[in-house]
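All the letters of the sequence shown, read from the start, carry residue numbers 5 to 568 under my numbering. We put the CB at the ideal spot given by N, CA and C, even for glycine.
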Amino acid sequence: MSSSDRLLTRLRDNTRGSSLGYAQIPLIGSLAIVAVIVGLSSTAAALREVLLLWAVLVVVSAITVLVPWGVIDHRLLLVVAVADVVVVAFLRAGLLVALPSLSVLVLIPVLWLSYSFGLAGLLLAVAGDYLVALLPFLRNNGWPATPAEWGGATLFPALVGVVAIAVHVVAGRQRRQRADLVTADESLRVSVAETRDGTVALRASIAEGLDAASAALTVVDTVDAGITFYDSDGLILLTNDTAKRLAVIAGSRSPLRITPSPIVFEQDRITPVPLEGQIAALAARGELVTRRLYWVGRGEAQRAVMATSQYARRASGELIGTVVATHDVTPLAEAIQARDEFLTTITHELRTPLTSMMGYLELIEDSVDLRAAGIATEFAVVQRNGERLLALITDLIVTAEGRAPLERRPADIGELAEKSLDSVRADAEKAGIRVLAGRLDPVLAEVDADRIKDVLDKLLSNAVKFNRAGGELGLVVERDGDEVVVLVSDTGLGIADADLPRIFERFFRSAATRDGAIAGAGLGLSTAKIIVDAHRGTISASSLLGSGTTIELRLPLLAAAAEL
Numbered sequence: 005m006s007s008s009d010r011l012l013t014r015l016r017d018n019t020r021g022s023s024l025g026y027a028q029i030p031l032i033g034s035l036a037i038v039a040v041i042v043g044l045s046s047t048a049a050a051l052r053e054v055l056l057l058w059a060v061l062v063v064v065s066a067i068t069v070l071v072p073w074g075v076i077d078h079r080l081l082l083v084v085a086v087a088d089v090v091v092v093a094f095l096r097a098g099l100l101v102a103l104p105s106l107s108v109l110v111l112i113p114v115l116w117l118s119y120s121f122g123l124a125g126l127l128l129a130v131a132g133d134y135l136v137a138l139l140p141f142l143r144n145n146g147w148p149a150t151p152a153e154w155g156g157a158t159l160f161p162a163l164v165g166v167v168a169i170a171v172h173v174v175a176g177r178q179r180r181q182r183a184d185l186v187t188a189d190e191s192l193r194v195s196v197a198e199t200r201d202g203t204v205a206l207r208a209s210i211a212e213g214l215d216a217a218s219a220a221l222t223v224v225d226t227v228d229a230g231i232t233f234y235d236s237d238g239l240i241l242l243t244n245d246t247a248k249r250l251a252v253i254a255g256s257r258s259p260l261r262i263t264p265s266p267i268v269f270e271q272d273r274i275t276p277v278p279l280e281g282q283i284a285a286l287a288a289r290g291e292l293v294t295r296r297l298y299w300v301g302r303g304e305a306q307r308a309v310m311a312t313s314q315y316a317r318r319a320s321g322e323l324i325g326t327v328v329a330t331h332d333v334t335p336l337a338e339a340i341q342a343r344d345e346f347l348t349t350i351t352h353e354l355r356t357p358l359t360s361m362m363g364y365l366e367l368i369e370d371s372v373d374l375r376a377a378g379i380a381t382e383f384a385v386v387q388r389n390g391e392r393l394l395a396l397i398t399d400l401i402v403t404a405e406g407r408a409p410l411e412r413r414p415a416d417i418g419e420l421a422e423k424s425l426d427s428v429r430a431d432a433e434k435a436g437i438r439v440l441a442g443r444l445d446p447v448l449a450e451v452d453a454d455r456i457k458d459v460l461d462k463l464l465s466n467a468v469k470f471n472r473a474g475g476e477l478g479l480v481v482e483r484d485g486d487e488v489v490v491l492v493s494d495t496g497l498g499i500a501d502a503d504l505p506r507i508f509e510r511f512f513r514s515a516a517t518r519d520g521a522i523a524g525a526g527l528g529l530s531t532a533k534i535i536v537d538a539h540r541g542t543i544s545a546s547s548l549l550g551s552g553t554t555i556e557l558r559l560p561l562l563a564a565a566a567e568l
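Here it is as structure tokens:
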């Protein structure tokens, strides 16, 4: 078995085995909370039934952790996920009136089945989804009597079923892309290892004279990487066939001298790299680069090149030139680009039916007396979760495209901040967090009001989510010269120094967040940064682990000034 095959096997084992064990934790915790609620507000019989289901879930989870899935057919994991569905179904059937929102718990096993077990898992996920929805009717020997009741009973499982199908499609494509990325990564590792060997041989050969240089040329020609040695005057003293081929693609006009090319581009494959910023010019000036990515050439011949340079010295320490190693990483770069394009496509495809469903929900709400039909609570749960999914998909689209189109209008940032604060005030009070609204100055700025309010909503939501009971949330809006400054602070978990530079990366979640089982997809801050960058503003964070975090947002008051 090749190293890439072994890596894929380990990835599958980790995903299918240990991840399900972690997935059981929020389910166990949720049932424990339900047991407390039932113990305080319901009968002893109901409490016994909840505790029995909780015990079954604990036993199943213990088996999940203890069984060595690496040596057992992973398809047996289906039993664990199906057991979770059955537990949720009986729990909801017993507590439908007291806790109608328990249907949300079925998302954990349903998403796992649809993600990890192919078509069979998808079918089981959809069947389990409807089992949870319809079991209360089976136990009471009575089916819904009206179309509205049928809609209330089946709308949420239908929505979850659509999500499960989308997850199943995404998972299949991700598995194929993962295999392609692992293969490309393995090739790149081999190339880098061979390049190191070739570079060592090259340095020794230069010191030994012309005969040794001839031997070194033979060595570097066998390396699957471009090797070029420039002297201090910019003349090429040594190069290999791979470097020559890449130079031709880049439009080099001379095989013997540094010649920057007009067809060298940045990572977006469109923006030209200034001649003085190209690797050849940098090498001539004696400036080093490490793993710098360029695209060279045009059209079908365009290649992705990763360049690294290092000084070449004699044994005495005297500088004699610069060695540049270039690797053709086109397959890896295109695989990453395909992944991002796929993510953009699938999120657009998900948003269309979800937007349609939300529209029909509004139509049902306007045309049906939900309270009279007895489904007002269930309908609110479906509507709330649909809105959450739509917001998540919108964030995915923004982060995948890396841009946020704006419609600038004069807006009062203080007023926007106050509205955002009002939207989280109830959640803050429920969590025992004190809201400290400082100066909310009425500062007018030319911004996209909806986008900026979305940013403020995300920052304030994080300040509540990552805070602690009894903590504080602060908000300040003030003018600073030609900018408006917004400060959002909390006294919560804080962020480790090692994690702080990465908090605006897409999908990044710190270890403390994951260990604390705090919900989130790692998209909020990355989306916020894209929106702020589109306004030509800045967003930054300062934090002390265990003491809290402060986010500073700066926006130019005038759009014309932002474009300068």
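Sheet register partners of residue 555 (DSSP bridge) = 492, 545
For residue 147, three-class secondary structure by DSSP = coil
ask   = For residue 510, does the count of other Cβ atoms within 10 angstroms reach 16, so buried, or fall short, so exposed?
value = buried
request  = Report the three-state DSSP secondary structure of residue 4 (helix, strand or coil).
outcome  = The requested residue 4 is not part of the displayed model; the chain covers only 5 to 568.
ask   = Under the three-state reduction of DSSP, which class applies to residue 266: helix, strand or coil?
value = coil
message = Assuming residue 332 is part of the beta strand (DSSP E), what are its boundary residues?
response = 323-332
Beta strand (DSSP E) segment containing residue 231, residue limits = 230-234
message = Would residue 31 and residue 39 be called neighbours here (beta carbons separated by less than 9 Å)?
response = no
task = Can you say whether residue 502 is buried or exposed, counting buried as having 16 or more other CB atoms within 10 angstroms of its CB?
result = exposed
key: Given 8 Å, three or more beta-carbon pairs between the stretch 416-429 and the stretch 381-395   = no
request  = Would you mind sorting residue 29 into buried or exposed? The rule is 16 or more other CB atoms within 10 Å of its CB.
outcome  = exposed
key: Cβ distance (whole Å) where residue 171 is taken to contact residue 115 below 8 Å   = 6 Å
message = With three or more beta-carbon pairs closer than 8 Å as the criterion, would you say the stretch 483-492 touches the stretch 549-563?
response = yes
query = Which residues in the same chain have their Cβ closer than 6 Å to the Cβ of residue 544, if we skip the five residues on either side of it in sequence?
reply = 556
message = For a quick check, are the C-beta atoms of residue 313 and residue 279 less than 9 Å apart?
response = no
query = Are the Cβ atoms of residue 339 and residue 181 separated by less than 9 Å?
reply = yes
key: alpha helix (DSSP H) segment containing residue 418, residue limits   = 417-434
message = Tell me which residues share the same chain as residue 476 and place their Cβ nearer than 6 Å to its Cβ, disregarding the 5 neighbours each side in the sequence.
response = 438, 440, 495
query = Where does residue 53 land, buried or exposed, given buried means 16+ other C-beta within 10 angstroms?
reply = buried
C-beta atoms of residue 189 and residue 246 nearer than 9 Å = no
ask   = Are at least three pairs of beta-carbons, each pair with one atom in the stretch 426-434 and one in the stretch 463-471, less than 8 Å apart?
value = yes
message = For the beta strand (DSSP E) containing residue 309, name the first residue and the last one.
response = 307-317
ask   = Is residue 52 helix, strand or coil when you go by DSSP?
value = helix
inquiry  = Just to check my reading of the structure: residue 551 and residue 499 have Cβ atoms closer than 8 Å, yes? What is that Cβ distance to the nearest angstrom?
reply    = Wrong, their Cβ atoms sit about 10 Å apart, outside the cutoff.
task = Measure the alpha-carbon distance for residue 129 versus residue 123 and round it to whole angstroms.
result = 10 Å
ask   = What's the call for residue 553, buried or exposed, on a 16-neighbour Cβ count within 10 Å?
value = buried
query = Roughly how far, in whole angstroms, is the beta-carbon of residue 452 from the beta-carbon of residue 412, given that I think they are within contact range, below 8 Å?
reply = 6 Å
query = For residue 230, does the count of other Cβ atoms within 10 angstroms reach 16, so buried, or fall short, so exposed?
reply = buried
query = Expressed to the nearest angstrom, what Euclidean distance is found between the alpha-carbon atoms of residue 446 and residue 537?
reply = 23 Å
key: Inter-residue Cα distance where the pair is residue 379 and residue 127   = 27 Å
request  = Below 6 Å CB to CB, which residues in the same chain sit around residue 562 once its five sequence neighbours on both sides are set aside?
outcome  = 450
key: 6 Å Cβ shell around residue 259 - same chain, five flanking residues per side excluded   = Because the pLDDT at residue 259 is just 47, under 50, the model does not fix this residue reliably, and the value given afterwards should be weighed accordingly. Closer than 6 Å at Cβ, skipping near neighbours: no residue.
key: Separation of residue 269 from residue 297, as counted between CA atoms   = 9 Å
N- and C-terminal bounds of the alpha helix (DSSP H) containing residue 464 = 453-469
inquiry  = Do residue 444 and residue 481 have their beta-carbon atoms positioned less than 9 Å apart in this structure?
reply    = yes
ask   = In three-state terms, what does DSSP make of residue 502?
value = coil
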